[in-house]
Amino acid sequence: MGDGYGRKEEQYRTAYETGARVSTDLERIYDVSWGNATGMMHKISPVLSYRHRELVENWNPKEKKPWFEPIEFEGDISQINFSIENFFNGRHEDNKGRKTYQQWATFDVTQGYDLLEAKKPLKAGQRRKPYTPLSLEMTLTPTSNVNLSANASWDHYDESLNRTYASLDLYLPRAGGLTD
296 MGDGYGRKEE QYRTAYETGA RVSTDLERIY DVSWGNATGM MHKISPVLSY
346 RHRELVENWN PKEKKPWFEP IEFEGDISQI NFSIENFFNG RHEDNKGRKT
396 YQQWATFDVT QGYDLLEAKK PLKAGQRRKP YTPLSLEMTL TPTSNVNLSA
446 NASWDHYDES LNRTYASLDL YLPRAGGLTD
């Protein structure tokens, strides 16, 4: 057995990670009349968060690295994020006056600022890029068996979308109360 955890031929990484999140909620209920929906609540949450992670070197870099190490890809992190999170919830009422609630949609916008990037030393011709891509995420759930999700990221420096994703989930009921 070698020093540290596991066998000598195994490799591992250690990191210290911490963070903080401050937010508040602002809500408003609207009377609506869409099908059996009698109300809609819009909740908006401004969020300020901080994430810090520092890798601890505990292996010899001359040795073979693990084939997949997600912590290695991100490296050290010191980032502040500001988000606006939106939630749209519907209130439904059946013929007997019973009320149920369903989340119809969410919409989030997040902007990050990388403190390590803002402080790093520059070489000639280099430019700091401390702002992370602007992230937009949306989920629509018009009925309990349909879920549409989409997200995109806007890179301020390239002035282009650098990531987009969309998915549609359709749930079909089947025997025994299960869904496909």
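For what it's worth, our numbering labels the leading residue of the sequence shown as 296, then goes sequentially.
Note that CB positions come from ideal geometry on N, CA and C, so glycine has one too.
Reference residue i, options the options, closest by Cα
i, options, result
"T405", "K391, N376, N442 and H337", "N376"
"D320", "R423, N381, L429 and L350", "N381"
"R312", "Y325, H347 and T333", "The sequence shown places Glu at residue 312, rather than the Arg named in the question. Here the closest residue by C-alpha is H347."
"D409", "N331, K424 and M433", "K424"
"L463", "T309, G330, S444 and T395", "S444"
Environment of residue i [buried if 16+ CB atoms lie within 10 Å]
i, result
"P341", "exposed"
"P476", "The chain is shown only over 296 to 475; residue 476 falls outside these bounds and no answer can be derived."
"G551", "Because the chain is modelled from 296 through 475, residue 551 falls outside the range shown and cannot be assessed."
"G385", "buried"
Residue i (DSSP reduced to helix, strand or coil)
i, result
"E312", "strand"
"K418", "coil"
"G479", "In this structure the chain extends from 296 to 475, so residue 479 is not present and cannot be described."
"L343", "strand"
"G385", "strand"
"P468", "strand"
Straight-line Cα distance separating residue j from residue i
i, j, result
"L429", "Y460", "14 Å"
"R323", "H337", "5 Å"
"L431", "I372", "21 Å"
"T427", "M433", "19 Å"
"G297", "Y345", "In this prediction, G297 scores a pLDDT of 47, lower than 50, which makes its location untrustworthy; no coordinate-derived value is stated."
"L456", "R422", "20 Å"
"I379", "W399", "17 Å"
"M335", "H387", "9 Å"
Unbroken stretches of the alpha helix (DSSP H), 4 residues or longer, contained in the stretch 405–458: Look at the stretch 405–458 and you find these whole runs of alpha helix (DSSP H), each 4 residues long or longer: 410–414.
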